[in-house]
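Take the sequence shown: its letter number 273 is residue 273 in full-length UniProt numbering, and every next letter is one higher.
The beta carbon of each residue, even a glycine, is placed where N, CA and C say it ideally should be.
A quick note: this is a predicted structure, and the numbers were derived from the prediction, not measured.
Have a look at the structure below before the remarks.
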Amino acid sequence: MVVNLSKEFITEKILAFFPEKKLARKTKAPLWQIVKAIIYRLKTGCQWRELPIQSFFDEVLICWQTVYYYFNSWSESGIWQKVWIQFLAHEKSCLDLSSIQLDGSHTPAKRGGEAVGYQGRKKSKTTNALFLTDKNGLPIAMSPPFAGNHNDLFEIESHFQKMLADLQLSDFSPDGLFMNADAGFDSKKLRENCQKMGIIPNIDHNKRNRKKAYYQDIIDEELYKERFSVERTNAWIDAFKILLIRFEKKSRQLGESTLFSLYTYFPKTKFLNKLILWILYHRMGKNI
1 MVVNLSKEFI TEKILAFFPE KKLARKTKAP LWQIVKAIIY RLKTGCQWRE
51 LPIQSFFDEV LICWQTVYYY FNSWSESGIW QKVWIQFLAH EKSCLDLSSI
101 QLDGSHTPAK RGGEAVGYQG RKKSKTTNAL FLTDKNGLPI AMSPPFAGNH
151 NDLFEIESHF QKMLADLQLS DFSPDGLFMN ADAGFDSKKL RENCQKMGII
201 PNIDHNKRNR KKAYYQDIID EELYKERFSV ERTNAWIDAF KILLIRFEKK
251 SRQLGESTLF SLYTYFPKTK FLNKLILWIL YHRMGKNI
């Protein structure tokens, strides 16, 4: 199933946050159509040359090289990270920060490249990245990609600080947030970092470290159940074939592609929320 973002969503929620400074050469084709073509490629995993150009550009026909040129130019400029920060600040009302979830996700890298390492559990070379989501699984922050031969706690201080810094740029305060994470994140350094930022960690205990003193921390089982939503987010990301198996050799392209795909989660969640409200009202016998 191909993600179908509307012209209005792309124009008002994505392109509206682009900087005024020119990032690439001018084209006669509307930028929103180029964005749709890029999303199609991320979703299907097709080669750039196999893009069905005529399906996206009806008035002005361009070649696939132009679409790739824009994707590459935007990735090099880091535009999606900057736009994502402004997008989150604008979409604050969509987020439920009564709890946040932390998790990592591995992407097999068949052709090698930057930030790649052998991961024994996956039995292949992979790239890893950490994600923060809200209570409902809406993504709010992502770490830079790093080699998959490291576990989730590799350079956790710098990665965690980077994600929190991005949140603060989006006008979110981490103070008072409850954070769920699985046993793979059970470390003294991460807990101390959370406390410094005012975050209340709810991290599952790692049995291999049970003898350590900081295991006196109590885990809230009911709150921890909310962590499942980040797994749903990982499944949504894996639905993008270009992210399920990595063929891009540059880590920045992988990172920017992942951020690009996260935009598509917001309209989907809004629709589901409206559907749930409709069902509740219908069952209660109320008109909407």
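One Cα belongs to residue 190, the other to residue 226, and the distance between them is close to 20 Å. For the pair residue 135 and residue 96, the Cα-to-Cα distance works out to about 6 Å. In summary, residue 168 is exposed, with fewer than 16 beta-carbon neighbours lying within 10 Å of its beta-carbon over all protein chains present. Residue 137 sits in coil when the DSSP states are folded into three classes, being neither helix nor strand. Residue burial annotation: residue 173 is exposed, with fewer than 16 other C-beta atoms found within 10 angstroms of its C-beta. Of the other Cβ atoms in all chains shown, 16 or more fall within 10 Å of the Cβ of residue 248; this residue is therefore buried.
Relative to the Cα of residue 123, the nearest Cα in the group 107, 160 and 113 belongs to 107.
Beyond the five residues adjoining it in sequence on each side, residue 111 comes within less than 8 Å, by CB distance, of 246, 247 and 249 in the same chain, given in chain order.
With respect to the C-alpha of residue 56, the residue from 8, 155 and 35 having the closest C-alpha is 35. A distance below 7 Å separates the beta carbons of residue 163 and residue 141.
For residue 106, the enclosing beta strand (DSSP E) begins and ends at 100-108. Listed in chain order, the non-local C-beta contacts of residue 50 below 6 Å within the same chain number zero, local neighbours out to five positions each way being set aside. Distance from the CA atom of residue 43 to the CA atom of residue 235, rounded to whole angstroms, is 13 Å. Looking at the DSSP output, residue 180 shares a beta bridge with 101 and 202.
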